[in-house]
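Chains as they are written, first to last, in my numbering: chain P, 1 to 316; chain E, 317 to 632; chain L, 633 to 948.
Where a beta carbon is used, it is the ideal one built from N, C-alpha and C, also for glycine.
Just so we're clear, the structure is a prediction, and the values are computed from it rather than from any experiment.
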Amino acid sequence: MLFSDIASHLRLSFVGKDVEIDSMNELSLSSPSQLAFAVHKRYSLELKSSKAKAFLITNSLIEHLPLDSSYIVCEDVSLSMAEATKLFSKKPLEPQLPNAVIGQECYIDAIAKIENGAVIGSSVTIMAGAYIGTNVTIGDNTTIYPNVTIYRDCVVGSHCIIHAGTVIGADGFGFSHTKTGEHVKIHQNGNVVIEDDVEIGANCAIDRAVFNSTIIRRGTKLDNFIHIAHNCDIGEHSLFVAQTGVGGSTKLGQNCVVSGQSAFSDHLSIAPFSTFTARSGVTKSITQSGGVYSGFPLMNHREWKRLQAKIGKLND
Amino acid sequence: MLFSDIASHLRLSFVGKDVEIDSMNELSLSSPSQLAFAVHKRYSLELKSSKAKAFLITNSLIEHLPLDSSYIVCEDVSLSMAEATKLFSKKPLEPQLPNAVIGQECYIDAIAKIENGAVIGSSVTIMAGAYIGTNVTIGDNTTIYPNVTIYRDCVVGSHCIIHAGTVIGADGFGFSHTKTGEHVKIHQNGNVVIEDDVEIGANCAIDRAVFNSTIIRRGTKLDNFIHIAHNCDIGEHSLFVAQTGVGGSTKLGQNCVVSGQSAFSDHLSIAPFSTFTARSGVTKSITQSGGVYSGFPLMNHREWKRLQAKIGKLND
Amino acid sequence: MLFSDIASHLRLSFVGKDVEIDSMNELSLSSPSQLAFAVHKRYSLELKSSKAKAFLITNSLIEHLPLDSSYIVCEDVSLSMAEATKLFSKKPLEPQLPNAVIGQECYIDAIAKIENGAVIGSSVTIMAGAYIGTNVTIGDNTTIYPNVTIYRDCVVGSHCIIHAGTVIGADGFGFSHTKTGEHVKIHQNGNVVIEDDVEIGANCAIDRAVFNSTIIRRGTKLDNFIHIAHNCDIGEHSLFVAQTGVGGSTKLGQNCVVSGQSAFSDHLSIAPFSTFTARSGVTKSITQSGGVYSGFPLMNHREWKRLQAKIGKLND
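Here it is as structure tokens:
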């Protein structure tokens with residue numbers, strides 16, 4: 001798509017060369033063929049070093065653009081960005097793609113649905129009511145239990161177990177907001193990547209990334225009702241107990257243990273080998289590995305136990 | 317159905333004219349053809365002004381009945397009410413209804429199920445494994461992702477997106493209780509109405525009303541794992557982040573923002589433009605619009621932050 | 633299977649007679665044909681009185697074995713136990729079993745799936761997209777709503793209602809851990825038993841037992857999003873409000889009432905007629921029946937209310 005087409009769609013004018021754009025991405029991750037965007041002055045340094053050639057920006061950021069950039073000045077970059085994502089969103093179905101390729105010794109139930117473009121490894125079991133979307137890839141020896149839904153373009157590794165009712169790749173929860181309080185969808189054009197040896201419990205939901213991938217790394221095990229928001233990166237060999245939620249773009253290191261009903265805010269970075277007791281509420285990043293945490297607000301587990309004793313004494 | 321038939325079913329006798337009854341409703345909302353009920357003296361004023369012609373009541377409330385009422389005196393009104401709801405409950409399937417009507421340019425997957433009496437607008441996408449119940453109505457340009465279930469009589473608007481695994485219109489959680497501790501189902505004879513431009517995440521559950529409708533109003537967006545109980549009314553352009561629950565009959569004004577793992581008790585009324593930070597536990601109605609709240613028990617966000625600092629100091 | 637086969641699979645040597653083993657079980661529940669295991673010295677008494685004939689044990693427990701026991705000394709009993717469960721796990725499908733037996737006057741939707749060996753009572757409704765696994769038994773007059781999944785070997789009673797999206801019998805969350813931090817699946821070889829007159833809301837998950845059964849007893853009603861972990865035993869006529877979770881092997885007595893977003897740790901025993909207000913966090917067993925509890929850490933409801941008032945005053 002030409003940059004000029006994007007400008008027309010946004011009903012705005014563009015400055016610079018009319019470059020060819022194939023997708024969108026965050027400022028720091030953009031390639032020369034991707035449309036980037038900068039909402040706020042705090043991104044001026046990232047803007048300067050971005051590899052993108054075309055940008056949505058506010059007027060005040062023009063001076064920080066790389067040389068030879070093409071750009072559109074937006075009154076509300078966030079809103080224009082949301083409108084632009086629609087241009088790159090994909091329909092759930094692509095009937096023109098070739099039929100799915102199924103490996104050897106698979107069991108695919110007659111009332112499972114596998115869309116075109118999917119590639120299924122060998123010795124895979126896909127049970128009744130499971131849905132495998134357009135272009136999904138599934139590795140060898142993986143079991144997909146009944147009524148699982150895997151949205152288009154997602155990747156599931158080998159030796160994985162996905163329990164019934166789990167949804168992989170639904171849209172992340174992302175909206176921009178008009179001045180009159182309406183919410184404009186940021187189309188979620190990324191995917192989910194589940195690495196090898198992952199087990200996901202019943203009725204979980206792992207959202208697709210807005211750009212790029214939400215990742216569940218090798219050997220991680222999720223209990224039931226786990227919510228993983230868009231663009232999370234869950235480290236290898238982690239354990240998540242039931243009813244836990246992780247906010248968007250939060251990244252956990254390897255071998256974290258998260259007990260039931262815990263939650264993480266968005267955009268955090270959590271050191272490996274961190275342990276969280278039940279109902280931990282994590283709102284800040286953790287840089288030191290190996291700690292044990294509790295409570296909301298979060299604190300060291302020992303400190304939390306001591307605090308609970310102190311609080312209990314208020315009733316004396 | 318005749319009032320005398322209801323009395324027979326309840327194994328009780330009735331007083332007054334044998335009026336024709338077509339459904340049940342709450343005291344204040346009843347029409348002349350609906351059976352109403354009054355459990356407690358605090359409803360005596362509502363009883364006096366009710367438009368219903370037939371009632372289930374306790375002995376002590378007879379004097380507050382409107383003139384010319386027909387009534388059944390019950391030892392346990394709540395229990396008799398539950399038993400009466402069974403008479404008005406509908407079977408999930410009605411094979412005698414005409415086939416569903418499907419609009420133009422729809423995609424309906426071969427292993428989606430659409431029951432009789434349903435009416436589907438134009439340019440609607442209904443993916444594999446989705447279930448559209450008896451008499452359900454779906455507006456134009458709406459997308460129903462795989463393995464969504466929409467129970468009978470529910471209404472979904474135009475330009476809606478319902479993500480995989482979500483259940484719309486399952487029975488609300490309502491029971492009356494016998495003296496020996498058993499639970500008697502209050503049949504949930506209402507429905508769910510989802511207005512236009514609503515997006516509902518993966519694996520949500522929006523329960524049908526006991527009478528009338530559970531309503532999600534125009535432009536509201538729900539993340540994953542949202543629980544909306546029977547008879548809630550969720551205002552326009554609201555945002556609900558993951559794993560949040562709303563108790564029965566609670567009403568939120570427009571443009572509320574509810575962060576993750578929050579919860580609302582039943583029968584609350586929440587002013588518009590209210591914001592709730594993560595894990596808010598709301599147990600009282602809010603009358604002033606535009607506030608920001610936190611904590612459980614709930615308080616102003618600033619107050620909560622100050623309190624957390626004070627609590628932290630207990631450990632010094 | 634011979635005990636020697638198990639030893640080979642574990643790449644360990646065995647001592648004693650080469651007995652025939654048909655399954656595994658906990659120490660205190662094992663029969664003579666079951667493989668038992670003892671991880672820790674605190675089980676030495678249970679070990680002495682076990683009816684099992686074959687054991688996985690640590691070196692230090694040999695002296696506590698019953699007379700004539702066969703045994704395998706394991707460096708890591710927990711890990712060897714996990715590896716052994718794999719030998720007794722069952723495939724989801726058994727095509728060689730006879731077709732399902734369906735009772736009279738059932739409605740089974742054409743796109744419901746019923747696996748071989750299942751036995752369905754009379755007047756049962758099984759709606760589109762529901763999955764009834766191998767050898768599942770369903771009693772008379774039960775309704776299974778769309779997109780419910782019932783895993784193999786589970787038992788559902790009569791007059792039950794299972795709402796859409798609920799998953800019964802997915803694997804419990806159980807793993808042993810290698811020294812290098814990988815998680816080895818403990819295959820969940822038990823089942824779920826749902827007794828008569830149980831109603832389960834939308835999108836719940838009741839996990840199958842590791843050995844024996846997870847049980848939901850007669851007349852109990854679950855709201856939406858209830859998580860019941862493996863080997864729980866939920867007493868008769870209990871009520872669970874939405875988004876509540878119960879940890880593994882926890883046992884509740886009859887007529888407990890559990891309000892929304894509450895949670896129970898694993899291995900607890902809760903006295904009958906206990907009531908828990910919203911967001912209770914239960915980490916200790918309760919021996920006295922009839923109490924009302926709140927908070928996390930849990931306390932008597934009155935004490936909790938008094939404490940909240942005291943805490944609120946910290947801000948004065």
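query: Contact criterion: CB-CB distance below 8 Å. Does E/H380 meet it with respect to chain L?; result: no
query: So what does DSSP say about P/Y71, is it helix, strand or coil?; result: strand
query: Measuring alpha carbon to alpha carbon, tell me which of E/F556, E/T465 and E/L361 ends up nearest E/E515.; result: E/F556
query: Whole angstroms are fine: how far does the CA of L/L939 sit from the CA of E/G576?; result: 26 Å
query: Say whether the segment 701-713 of chain L touches the segment 644-652 of chain L, bearing in mind that this needs 3 or more beta-carbon pairs closer than 8 Å, one atom from each stretch.; result: yes
query: Quick one: residues in its chain with C-beta nearer than 6 Å to the C-beta of P/T283, no 5 flanking neighbours on either side, listed in chain order?; result: S265
query: The segment 767-785 of chain L: which residues have C-beta closer than 8 Å to a C-beta of chain E, in chain order?; result: T775, Y777, P778 and N779
query: Going along the segment 809-823 of chain L in order, which residues come within less than 8 Å of chain P, judged by CB to CB distance?; result: G813, E814, H815 and K817
query: Would you please verify whether the beta carbon of P/N203 is less than 8 Å from any beta carbon of chain E?; result: yes
query: Taking only runs of the alpha helix (DSSP H) that begin and end inside the segment 343-375 of chain E, which ones reach a length of at least 4 residues, in chain order?; result: 360-364
query: Please tell me whether L/M713 has its Cβ less than 8 Å away from any Cβ of chain E.; result: no
query: Give me the Cα-Cα distance between E/N341 and E/L377, rounded to the nearest whole angstrom.; result: 18 Å
query: Give me the residue from E/S320, E/S605, E/I454 and E/G445 with the minimum Cα distance to E/I418.; result: E/I454
query: Check distances from the C-beta atoms of the segment 96-120 of chain P to those of chain E and list, in chain order, the residues that come in under 7 Å.; result: I111 and K113
query: Identify every residue that forms a DSSP beta bridge with E/T458.; result: According to DSSP, E/T458 bridges with nothing at all.
query: Could you please give the first and the last residue of the uninterrupted beta strand (DSSP E) stretch that includes P/I21?; result: Premise fails: P/I21 is in no beta strand (DSSP E) and is neither H nor E.
query: By DSSP's criteria, L/R840 is part of a beta bridge. Which residues make up the other side?; result: L/D803
query: Checking contacts by CB at 8 Å: is L/Q920 closer than that to chain E?; result: no
query: So, is the C-beta of P/G165 closer than 8 Å to a C-beta in chain E?; result: yes
query: Let me make sure I understand the geometry here. Which of P/G169, P/Q288 and P/V156 has the alpha-carbon closest to that of P/G190?; result: P/G169
query: Bridge partners of E/D549, per DSSP?; result: E/I531 and E/K567
query: List the residues of chain E whose Cβ lies closer than 7 Å to the Cβ of P/G245, in chain order.; result: A558, Q559, G576 and Q577
query: Considering only the beta carbon of each residue, do L/K937 and P/N315 sit closer than 8 Å?; result: no
query: Which one or two residues does DSSP pair with E/N616 in a beta bridge?; result: E/Y609
query: Cα-Cα, which of L/E814, L/A903, L/S881 and L/H815 is closest to L/I838?; result: L/S881
query: Pull up the distance between the alpha-carbon of P/T125 and that of E/A398, whole angstroms please.; result: 45 Å
query: For the structure I just gave you, are there three or more beta carbon pairs, one from the segment 459-466 of chain E and one from the segment 429-444 of chain E, closer than 8 Å?; result: yes
query: State the CB to CB distance for the pair E/G481 and E/A518, rounded to an integer number of angstroms; the pair is presumed to be in contact (CB under 8 Å).; result: 5 Å
query: CA-CA distance, E/M317 and E/K406?; result: 14 Å
query: Helix, strand or coil: which one does DSSP assign to E/V574?; result: strand
query: Let me make sure I understand the geometry here. Which of L/V890, L/V889, L/S917 and L/S894 has the alpha-carbon closest to that of L/I902?; result: L/S917
query: Within 10 angstroms of the Cβ of L/Q736, are there 16 or more other Cβ atoms? Answer buried if so, exposed if not.; result: exposed
query: Are L/F928 and L/G944 close, meaning C-beta to C-beta below 8 Å?; result: no
query: Just confirm the distance between the C-beta atoms of L/L725 and P/Y131, as a whole number of angstroms; I'd bet it's less than 8 Å.; result: In fact, because the Cβ distance is near 19 Å, the residues do not count as touching under 8 Å.
query: Would you identify the three-state DSSP class for L/H859, choosing helix, strand or coil?; result: strand
query: Residues of chain E with CB closer than 9 Å to the CB of P/I311, please, in chain order.; result: I627 and L630
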